[in-house]
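Read top to bottom, the protein sequences are chains S and V.
Its first residue numbered 1, the first sequence is counted upward by one per residue in full-length UniProt numbering.
Its first residue numbered 1, the second sequence is counted upward by one per residue in full-length UniProt numbering.
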Amino acid sequence: MNGDKLMEVIDLSVSYGPIQALKGVSLAINKGEIVALLGANGAGKTTLLQTISGLLKPTGGSIIYQGVNIAGMEAEKVVEKHLVHVPEHRQVFSTMTVLDNLYLGAYHHRKKSKMKNIEKNIGKVFDLFPILKDRKNQLGGTMSGGQQQMLAIARGVMAEPELLLLDEPSLGLAPLIAKDVLELVRNLRAEFGTTVLLIEQNVTASLKVADRGYVISHGEIVKSGSSKELLNDPEVKEAYLGHTVN
Amino acid sequence: MGDLLQFTLTGVTIGSIYAIVALGFVTIYSVTKVINLAQGEFVMLGGLTMYSLTSAGVPYLLGFVITIIVVSILGWIMEYLLIRRAKGADPISLIILTIGTAIFIRGIASVVWGKDQLRVAPFTENTPVNIANATITPQAIWVVVIMLLVVFLLYILIDKTMVGKAFQASSVNPLAARLMGISPKRMSSLSFTLSAALGALAGLAIAPIMFPSYDMGTMLGIKGFSAAILGGLGSAPGAVIGGLLIGLLESLGAGYISSGMKDAITFSAILLILLIRPSGILGEKSVGKGGL
Numbered sequence: 001m002n003g004d005k006l007m008e009v010i011d012l013s014v015s016y017g018p019i020q021a022l023k024g025v026s027l028a029i030n031k032g033e034i035v036a037l038l039g040a041n042g043a044g045k046t047t048l049l050q051t052i053s054g055l056l057k058p059t060g061g062s063i064i065y066q067g068v069n070i071a072g073m074e075a076e077k078v079v080e081k082h083l084v085h086v087p088e089h090r091q092v093f094s095t096m097t098v099l100d101n102l103y104l105g106a107y108h109h110r111k112k113s114k115m116k117n118i119e120k121n122i123g124k125v126f127d128l129f130p131i132l133k134d135r136k137n138q139l140g141g142t143m144s145g146g147q148q149q150m151l152a153i154a155r156g157v158m159a160e161p162e163l164l165l166l167d168e169p170s171l172g173l174a175p176l177i178a179k180d181v182l183e184l185v186r187n188l189r190a191e192f193g194t195t196v197l198l199i200e201q202n203v204t205a206s207l208k209v210a211d212r213g214y215v216i217s218h219g220e221i222v223k224s225g226s227s228k229e230l231l232n233d234p235e236v237k238e239a240y241l242g243h244t245v246n
Numbered sequence: 001m002g003d004l005l006q007f008t009l010t011g012v013t014i015g016s017i018y019a020i021v022a023l024g025f026v027t028i029y030s031v032t033k034v035i036n037l038a039q040g041e042f043v044m045l046g047g048l049t050m051y052s053l054t055s056a057g058v059p060y061l062l063g064f065v066i067t068i069i070v071v072s073i074l075g076w077i078m079e080y081l082l083i084r085r086a087k088g089a090d091p092i093s094l095i096i097l098t099i100g101t102a103i104f105i106r107g108i109a110s111v112v113w114g115k116d117q118l119r120v121a122p123f124t125e126n127t128p129v130n131i132a133n134a135t136i137t138p139q140a141i142w143v144v145v146i147m148l149l150v151v152f153l154l155y156i157l158i159d160k161t162m163v164g165k166a167f168q169a170s171s172v173n174p175l176a177a178r179l180m181g182i183s184p185k186r187m188s189s190l191s192f193t194l195s196a197a198l199g200a201l202a203g204l205a206i207a208p209i210m211f212p213s214y215d216m217g218t219m220l221g222i223k224g225f226s227a228a229i230l231g232g233l234g235s236a237p238g239a240v241i242g243g244l245l246i247g248l249l250e251s252l253g254a255g256y257i258s259s260g261m262k263d264a265i266t267f268s269a270i271l272l273i274l275l276i277r278p279s280g281i282l283g284e285k286s287v288g289k290g291g292l
C-alpha cells in the first residue's frame, strides 16, 4: 500500500437493535484505488457502505475521510464532501426524466459550482454513457435494468465524487451488461480519477477490476490483500468461487 | 339553461377554493406522507388575518402580502415545533398531531376574532356581471384567477426549479434524495410553509364571498381533503380536478335537488367514484421504484 490515505475506517461497529451487524471493522482506502468488498449475503457489506455514507449511525468507531471524522454525520452532509454512495437496487427517481435525475446528482454543489460546470459534467457523463444521451427525456423508471444502473452511476458521477461507494452495480443484470458496468468502474478512474469502494456478488469479476480487496464475514474483516492474492487464496476460492481445494 | 350556467359558475368558484386547499394537502403528503388535517385552519387564518389587517387600515394589497407571509410562517412554525419534534413517529401519529393542532388553532382563533362571521372587502368593486341569464361577481372571477395562478406558479416551482426537482425527488425516493444531498427536514419544512401559503391564498380569495369565522376551516379542510383523495392523493392535477368536481357536484346538487342534501349528494358521488377507481381519478402512476 502506498499513496495518500483517502479514507480510514477504524473499529467501526453498527447494530440493528440487539443484532450487531458490524463488529469493529477497520479498513483503509488510498487515493485512486479501486477496492472490492467481498462477502456472503448478510455479511455486513451493505451495512458498512450505508454507515460510511451516513444512512446508518454507528454505535462505535470512527470513519476518517480526508482527515475528518464523519462517523454519524447525516447522509445529506456526507455527500457534500464528495463522498458519494450509489445504493443497491439503483434507486433512480423513477417518475423523473433521465436529465432531471442527472441534475439532481449535482444538487449538493448547485450553489458553489456554476451551471456551466454542471452542464459540462452532463456532457462528460453523456460521453461515458451514450445511451443516457439518447434517452435523456425518458422517465427513469421506464428504462431497462441495465440502463437504470448506468443512470444511477451517472447520477453519482454528477455529484463529483472523490470516493464513490458502489453497492452491487451488476445485480440483476445480464452477464454481458454486468461486464460493461464493471468495465465502467475502471473508465471512471481513468476519466475522473475517482477512488472506488465496490461491493459485488461476482467475486472473480470484481477482483478483476479492483486493485485490492477485503473479505468480510459475519460483520468482521477476515482477510485482505491484493486482487491477485485473493483470487489465488484457497479459502477465498472455496468460499466464494465455488472451487474445492484438494 | 340559465340555471345550469349559474350553477356551473358557482360550482367552479367554490371548486377552485377546494382545489387550492387540496393542493395544500398534496404538497405536504407527497413529501412527508402526512395528511395535514390543519390545512383548513390555514384557510381560516388567511381570511381572518386579512380581516384584522384591513380593519386596522392597512392598504389592501399590502394586507394581502402580509397575510400570506404571516400564515406561511405559522406553517413553518407548525412543522418546526410539532412535526419535527415528533421525528420518527409514523405518519398516523403525525396525522393525529395535526388534528390537535387544528383544534388548538381554532381555539385561539375563537378568542382572538370571536365567534361571529366577519366581513372582508372584495378585491375589486363587486357589482355582479350578467352573462347569458346568469350572474357572476367579480370576486368569483378572482377566485378562479387565483386558482389558475396557483396552479401555474406551482408548476413552475416544482417542474422548472432545482428546489422543485429536489422536492419531487424527495417524494419519489427519499433515500436516494438524501444520498444526493437533499435534506428531508428542509423539504418537510418547505412543504408545510408552501402549503400554509396556499391555504392563506384560498382564505384570502374566499373571504369576501364566505364571511370568514373561526370555524370555517373544518368544512373547507374536509372538502379539500376529499378533493385530494378523489383526484388521487399525491397528484396535483388530480387535486384540481377533484376540487372542481366536488364544487360542481355540490352546486348542481343544491340547485337541482335540494340545498339541504348537497353534502349528501356530493359525498355519495365521491363514494361511487372511489368504489370504481379506488386510487382516485389520477391515482399515483406506478412506473416502478427503479429497483428490483
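Here a beta-carbon is modelled for each residue, glycine too, at the ideal position from N, C-alpha and C.
Predicted, not measured: the structure shown is a model, and the values here were computed from it.
Query raised in the report: Over what stretch of residues does the alpha helix (DSSP H) that includes Ser188 (chain V) continue unbroken?
Result: Ser188 (chain V) -> alpha helix (DSSP H) spans 184 to 210.
Query - CB contact below 9 angstroms: Asp154 (chain S) versus chain V - result: One point to set straight first is that residue 154 (chain S) is Ala, not Asp, in the sequence displayed. Ala154 (chain S) has a beta carbon lying at 9 angstroms or more from every beta carbon in chain V.
Report task. Could you give the DSSP three-state label for Ser286 (chain V): helix, strand or coil? Result -> Because Ser286 (chain V) carries a pLDDT of 42, less than 50, the predicted location of this residue cannot be relied on, and the following value inherits that uncertainty. In this structure, Ser286 (chain V) counts as coil in the three-state DSSP scheme.
Query raised in the report: If Phe192 (chain V) sits next to Met78 (chain V), beta carbons under 8 angstroms apart, how far is it from one beta carbon to the other, in whole angstroms?
Result: That belief holds up - the Cβ atoms of Phe192 (chain V) and Met78 (chain V) are roughly 6 angstroms apart, short of 8 angstroms.
Report task. Would you mind stating whether Thr51 (chain S) and Glu88 (chain S) have Cβ atoms separated by less than 9 angstroms? Result -> No, they are not a contact pair.
Query - At least three beta-carbon pairs within less than 8 angstroms, the segment 216 to 226 of chain V to the segment 33 to 43 of chain V - result: Of all C-beta pairs linking the segment 216 to 226 of chain V to the segment 33 to 43 of chain V, three or more are shorter than 8 angstroms, placing the two stretches in contact.
Report task. Could you check if Thr127 (chain V) is buried or exposed, using at least 16 other CB atoms within 10 Å of its CB as the buried criterion? Result -> Sixteen is the threshold: since fewer than 16 other Cβ atoms of the shown chains lie within 10 Å of the Cβ of Thr127 (chain V), the residue is exposed.
Query raised in the report: Between the segment 145 to 178 of chain V and chain S, which residues of the former have CB atoms less than 8 angstroms from a CB of the latter, in chain order?
Result: Listed in sequence order: Met162, Lys165, Ala166, Gln168, Ala169, Val172, Asn173, Leu175, Ala176, Ala177, Arg178.
Report task. Out of S:Ile199, S:His85, S:Leu184, state which residue places its alpha-carbon closest to the alpha-carbon of Leu164 (chain S). Result -> Residue S:His85 holds the alpha-carbon nearest to the alpha-carbon of Leu164 (chain S) among S:Ile199, S:His85, S:Leu184.
Report task. In the DSSP assignment, find the unbroken alpha helix (DSSP H) run with Lys179 (chain S) in it and report its ends. Result -> Run containing Lys179 (chain S): 175 to 192, per the alpha helix (DSSP H) assignment.
Query raised in the report: What's the C-alpha gap between Ala202 (chain V) and Gly260 (chain V)?
Result: Going from the Cα of Ala202 (chain V) to the Cα of Gly260 (chain V) covers about 25 angstroms.
Query raised in the report: Which residues, in chain order, does the segment 83 to 97 of chain V contribute to contact with chain S at a C-beta distance below 7 angstroms?
Result: Going along the segment 83 to 97 of chain V in chain order, one finds no residue with a Cβ nearer than 7 angstroms to chain S.
Requested in this report: Run down chain S in chain order and give the residues with a C-beta less than 7 angstroms from the C-beta of Ile182 (chain V).
Outcome: Listed along chain S are Glu76, Tyr107, each with a C-beta nearer than 7 angstroms to that of Ile182 (chain V).
Query raised in the report: Taking buried to mean at least 16 other C-beta atoms within 10 Å of its own C-beta, is Tyr240 (chain S) buried or exposed?
Result: The residue in question, Tyr240 (chain S), is buried, as its Cβ has 16 or more Cβ neighbours within 10 Å.
Query raised in the report: Going by C-alpha distance, which of V:Ile17, V:Gly253, V:Ala207 is nearest Thr124 (chain V)?
Result: It is V:Ala207 whose Cα lies nearest to the Cα of Thr124 (chain V).
Query raised in the report: Going along chain V in order, which residues have a C-beta closer than 7 angstroms to the C-beta of Asp100 (chain S)?
Result: Going along chain V in sequence order, the residues near Asp100 (chain S) (Cβ under 7 angstroms) are Lys165.
Query raised in the report: Which residues in chain V sit within 9 angstroms of Ala159 (chain S), going by Cβ to Cβ distance?
Result: The contacting residues are Leu179, Met180, Gly181.
Requested in this report: Output the distance between the C-alpha atoms of Phe192 (chain S) and Ala159 (chain S), rounded to the nearest integer angstrom.
Outcome: Using only the alpha carbons, I get a separation of about 12 angstroms.
Query - Range of the contiguous beta strand (DSSP E) that encloses Glu220 (chain S) - result: Counting along the chain, Glu220 (chain S) sits inside the beta strand (DSSP E) bounded by residues 220 to 226.
Query raised in the report: Taking buried to mean at least 16 other C-beta atoms within 10 Å of its own C-beta, is Phe152 (chain V) buried or exposed?
Result: Its Cβ having fewer than 16 others within 10 Å, Phe152 (chain V) is exposed.
Query - The alpha helix (DSSP H) enclosing Lys133 (chain S), as first and last residue numbers - result: That run of the alpha helix (DSSP H) goes 130 to 134.
Requested in this report: Closer than 8 angstroms by beta-carbon distance: list the chain V residues that pair up with Arg110 (chain S), in chain order.
Outcome: The answer, in chain order, is Met162.
Query raised in the report: Nearest chain V C-beta to Pro87 (chain S) closer than 9 angstroms, yes or no?
Result: Pro87 (chain S) belongs to the set of residues whose beta carbon lies under 9 angstroms from a beta carbon in chain V.
Report task. For Ser144 (chain S), count neighbouring Cβ atoms within 10 angstroms of its own Cβ and tell me buried if that reaches 16, exposed if not. Result -> Classification for Ser144 (chain S): exposed.
Report task. Taking Tyr214 (chain S) as part of the beta strand (DSSP E), name the residues at either end of that continuous run. Result -> Per DSSP, Tyr214 (chain S) belongs to the beta strand (DSSP E) from 212 to 217.
Query raised in the report: Three-state secondary structure (DSSP) at Ser26 (chain S)?
Result: Reduced to three states, the DSSP call for Ser26 (chain S) is strand.
**Report entry** Given Leu102 (chain S) as reference, the closest of S:Gln138, S:Leu173, S:Glu200 once Cα atoms are compared
**Finding:** When only C-alpha atoms are compared, the closest one is S:Gln138.
Query raised in the report: Between the segment 227 to 243 of chain V and the segment 79 to 87 of chain V, are three or more C-beta pairs nearer than 8 angstroms?
Result: Segments in contact, no.
Report task. Enumerate, from N- to C-terminal direction, the unbroken alpha helix (DSSP H) stretches of 4 or more residues contained entirely within the segment 58 to 123 of chain V. Result -> Fully enclosed alpha helix (DSSP H) runs of 4 or longer: 60 to 78, 91 to 113.
**Report entry** Segments of 3+ residues assigned as beta strand (DSSP E) that fall wholly inside the segment 74 to 112 of chain S
**Finding:** Note on the segment 74 to 112 of chain S: whole beta strand (DSSP E) runs with a minimum of 3 residues are 83 to 86, in chain order.
Report task. With distances taken Cα to Cα, identify the nearest neighbour of Met96 (chain S) among V:Pro237, V:Gly164, V:Leu230. Result -> Nearest C-alpha to Met96 (chain S): V:Gly164.
Query - Alpha-carbon spacing of Leu233 (chain V) relative to Gly283 (chain V), whole angstroms - result: Taking the straight line joining both Cα atoms gives about 7 angstroms.
Query raised in the report: Can you tell which of S:Lys237, S:Ser224, S:Leu231, S:Gly219 has the C-alpha that lies nearest to the C-alpha of Lys23 (chain S)?
Result: Out of S:Lys237, S:Ser224, S:Leu231, S:Gly219, S:Gly219 has the C-alpha closest to the C-alpha of Lys23 (chain S).
Requested in this report: Put Asn202 (chain S) into one of helix, strand or coil per three-state DSSP.
Outcome: Coil.
Query raised in the report: Helix, strand or coil: which one does DSSP assign to Lys124 (chain S)?
Result: In the structure shown, Lys124 (chain S) sits in a helix (DSSP, three-state: H, G or I).
Query - Proximity of Gly9 (chain S) and Val25 (chain S) at Cβ, strictly below 9 angstroms - result: Correcting the residue identity first, residue 9 (chain S) is Val in this sequence and not Gly. Annotated as proximal: Val9 (chain S) and Val25 (chain S), with beta-carbon spacing under 9 angstroms.
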